[in-house]
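To convert, note that position 67 of the sequence shown is 67 in my numbering; the numbers rise steadily by one, no gaps.
Backbone N, C-alpha and C define an ideal beta-carbon position, used for all residues, glycine too.
Working notes, structure below.
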Amino acid sequence: MIEDLLYNLVDNAIKYNKLGGRVSVNIYSKDSWAIIKVSDTGIGIPSEDQTRIFERFYRVDKSRSKKVGGTGLGLSIVKHIVEFHDGKIHLSSVEGEGTTIEVHLPK
């Protein structure tokens with residue numbers, strides 16, 4: 001399951017990145033949490049869409065999503081895996097600058 005979580009986070013970061021953009025993956029431990037942090041320098045997510053981004057089949061921009069593919073399930077799968085493990089997920093995104101998704105899983 002954790003492999004699926006990582007795959008979907010990195011896949012989204014690559015898909016919605018700018019040409020020549022960067023993706024970083026950090027995994028570390030803090031207090032009683034294992035933390036996975038995936039950041040990109042991509043297109044970002046508009047603030048009005050950020051509360052819905054983890055919903056099944058939700059896509060920010062249908063026309064843009066068709067160009068890069070995807071079904072709108074990746075981040076929903078991530079959320080369900082995190083919840084299954086009693087974890088937390090946090091999204092930070094600025095449109096035009098990039099996105100960071102941080103997952104906290106109990107040790």
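When rounded, the separation of the alpha-carbon atoms in Asn-17 and Gln-50 is 17 Å.
Non-local C-beta neighbours of Gly-98 in its own chain, meaning closer than 7 Å and more than five positions away in sequence, comprise Ser-39, Asp-40, Thr-41, Gly-42 and Gly-44, ordered along the chain.
Put simply, the backbone Cα of Arg-52 is about 11 Å away from that of Pro-46.
Straight through space, the alpha carbons of Val-103 and Ile-89 are spaced by roughly 5 Å.
Annotation: Val-82 to Leu-73 spans about 14 Å, alpha carbon to alpha carbon. Counting along the chain, Leu-9 sits inside the alpha helix (DSSP H) bounded by residues 2-15.
Between Lys-79 and Ala-34, the C-beta gap is not smaller than 8 Å, which leaves the two residues out of contact. For His-104, no alpha helix (DSSP H) encloses it; the enclosing beta strand (DSSP E) starts and ends at 98-106. For His-90, the enclosing beta strand (DSSP E) stretches over residues 88-94.
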